[in-house]
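Participant: Sharing a structure with you now.
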Amino acid sequence: MSTFALTIIEPQLSRIMAGQLTTLWRVGIQMQAYRPGDLLWIREPFYLPKSKAHFAPSSAAAQGVTPIYAADLTPESPAPEGWLGPLMKARTMPRAWHRQHLVIEAVDRTRRLHSMTSDEMVAQGFAHLNHFIGWWNKAASLAGPDFRWDLNPLISTIAFARIGAPLS
Numbered sequence: 385m386s387t388f389a390l391t392i393i394e395p396q397l398s399r400i401m402a403g404q405l406t407t408l409w410r411v412g413i414q415m416q417a418y419r420p421g422d423l424l425w426i427r428e429p430f431y432l433p434k435s436k437a438h439f440a441p442s443s444a445a446a447q448g449v450t451p452i453y454a455a456d457l458t459p460e461s462p463a464p465e466g467w468l469g470p471l472m473k474a475r476t477m478p479r480a481w482h483r484q485h486l487v488i489e490a491v492d493r494t495r496r497l498h499s500m501t502s503d504e505m506v507a508q509g510f511a512h513l514n515h516f517i518g519w520w521n522k523a524a525s526l527a528g529p530d531f532r533w534d535l536n537p538l539i540s541t542i543a544f545a546r547i548g549a550p551l552s
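Taking the working numbering, the leading residue of the sequence shown gets 385, the next gets one more, and so forth.
Structural data, given as structure tokens:
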């Protein structure tokens with residue numbers, strides 16, 4: 385069993401935390417090493433308190449600073465005005481701050497992106513195909529131009545079980 389970091393952002397993060405999403409779709413090359421039984425520790429967007437926002441996340445973690453997870457803030461439960469620094473990208477989250485794992489149950493590397501059904505798209509957190517296409521193209525652009533929606537790339541689907549606490 386291996387352990388890997390995985391960046392998750394909205395709308396998928398809240399759906400995973402609510403138990404409504406159990407399969408992720410990703411650019412195929414990003415998931416080549418993943419196998420059933422592997423652990424994924426989740427990196428998610430976060431804030432530092434404004435008084436600590438000048439620190440790099442790793443330095444803040446080393447000093448015992450506690451992050452404020454973006455997924456925990458809602459219009460009904462916002463942070464006090466002026467209390468937060470800027471939103472930090474999930475990929476900058478130190479492992480010490482992660483709060484959940486996914487255990488990989490299955491990996492399918494044989495699907496094409498356009499094979500996604502309407503139900504699968506809704507499960508990913510998107511009500512309309514155009515919203516998913518926009519999100520996909522933005523996320524896939526990090527892997528290169530060959531993974532755009534219109535090229536119907538080979539993708540990986542990862543079925544998982546969520547563990548709502550850090551294991552390591």
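Cβ coordinates follow ideal geometry from the N, Cα and C atoms, glycine included.
#1: Using DSSP with H/G/I as helix, E/B as strand and the rest coil, what is F516?
#2: Going by beta carbon distance, what residues of the same chain come within less than 8 angstroms of A474, once the five residues before and after it are set aside?
#3: Going straight from the alpha carbon of R348 to that of Q416, what length do you get?
#4: Out of curiosity, what's the CA-to-CA distance linking W481 and H498?
#5: If the criterion is Cβ atoms closer than 8 angstroms, does the pair V491 and P537 meet it?
#6: Note down the Cα distance separating S502 from D534, rounded to an integer number of angstroms.
#7: Hey, out of A446, S525, T407 and R496, whose CA is closest to L424's CA?
#8: Expressed to the nearest angstrom, what Euclidean distance is found between the alpha-carbon atoms of L486 and R479?
#9: Where DSSP assigns a beta bridge to M472, which residues make up the other side?
#10: Nearest-angstrom Cα distance between W467 and R496?
#11: Within its chain, find whatever has a CB closer than 8 angstroms to the CB of P550; leave out the 5 residues flanking it on each side and keep chain order.
#12: Does the distance from the C-beta atom of W532 to that of A523 stay below 8 angstroms?
Facilitator: Here's the rundown:
#1: helix
#2: T391, I392, I393, R427, E428, P429 and F430
#3: This structure cannot settle anything about residue 348, because the visible part of the chain is limited to 385 through 552.
#4: 35 angstroms
#5: no
#6: 17 angstroms
#7: T407
#8: 14 angstroms
#9: F430
#10: 44 angstroms
#11: W425, H482, R483, Q484 and H485
#12: The question names Trp, but residue 532 is Arg in the sequence shown. Not in contact: R532 and A523 (Cβ atoms no closer than 8 angstroms).
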